[in-house]
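Residue numbers (the numbering used here): 1 to 246.
Right, one structure below, let's go through it.
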């Protein structure tokens, strides 16, 4: 598995903007609530909740806010009932796109997602049309770390792979069910990550050019701005040189 500047790439560009923090927190709270409702409030026994907690902490959410969301999901507090829905489609340049949503109204959500695809030169596909191109993985990212120390600790903790990117950042990949255990082991060893989440990793990439890259970015922006959308995954590959021009 090879990587290039993954930690600095497009996926995290919006998360760094303070103006987006309120929307990000809303999405994180919805994920915490739903994960607790579906798998219980014990993060140690609920891999989805554990991943949601770590992602919330990576985005500087307070423990109090996290605990309230978990309690609401577990039925200890009143709250909105949401369901998780995943839509699949094709974006500009032949890219595969998966859109994870949480909604209380499927008709509204699919209409908004379909509109974003059509406005950006893509189209919504059927269930299973692109899901086979992605694998659910835990990713623990380090902006700076000693490569040898991290690699030894990660593999000993049960990680699948350790990738050193072109910008010297390091990504540790795990089976998503083992994400919490591996992160705990690395934290215990004094290796504090910059970002930690369970995500969908594409098995193949679609290389984009100056014409198709802006169209994909527009699609991602439109989808991420929808209230019901939690995550957008894609296999578009934009070179660092091209990304600097966009």
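All residues carry an ideal CB built from backbone N, CA and C; glycine is no exception.
Measuring only the C-alpha atoms, how far is residue i from residue j?
i           : j           : result
residue 244 : residue 210 : 11 Å
residue 33  : residue 235 : 28 Å
residue 239 : residue 165 : 13 Å
residue 43  : residue 134 : 25 Å
residue 241 : residue 208 : 12 Å
residue 27  : residue 219 : 18 Å
residue 153 : residue 114 : 44 Å
residue 163 : residue 201 : 13 Å
residue 104 : residue 81  : 7 Å
residue 199 : residue 179 : 11 Å
residue 130 : residue 23  : 27 Å
residue 161 : residue 190 : 19 Å
residue 132 : residue 203 : 9 Å
residue 9   : residue 206 : Because residue 9 sits at a pLDDT of 46, beneath the cut-off of 50, its placement in the model cannot be relied upon, and the following sentence gives the value as read from the coordinates. If you take the alpha carbons of residue 9 and residue 206, they lie about 15 Å apart.
residue 128 : residue 61  : 34 Å
residue 63  : residue 181 : 20 Å
Just to confirm, are residue i and residue j a CB contact at a threshold of 7 Å?
i           : j           : result
residue 74  : residue 111 : no
residue 157 : residue 185 : yes
residue 174 : residue 188 : no
residue 91  : residue 122 : yes
residue 223 : residue 96  : no
residue 66  : residue 51  : no
residue 192 : residue 171 : no
residue 58  : residue 168 : no
residue 98  : residue 88  : yes
residue 228 : residue 126 : no
Just to check my reading of the structure: residue i and residue j have Cβ atoms closer than 8 Å, yes? What is that Cβ distance to the nearest angstrom?
i           : j           : result
residue 100 : residue 197 : Rounded, the Cβ-Cβ distance is 12 Å, inconsistent with contact.
residue 155 : residue 142 : With 8 Å as the limit, residue 155 and residue 142 do not qualify as a contact, their Cβ atoms being about 15 Å apart.
residue 183 : residue 54  : 6 Å
residue 47  : residue 144 : No, residue 47 and residue 144 are not in contact; Cβ-Cβ is about 28 Å, not under 8 Å.
residue 70  : residue 36  : 5 Å
residue 106 : residue 86  : Not really, about 12 Å apart at Cβ, beyond 8 Å.
Under the DSSP definition of a beta bridge, which residues are partnered with residue i?
i           : result
residue 134 : 202
residue 96  : 90
residue 175 : 137
residue 231 : 100
residue 163 : 171
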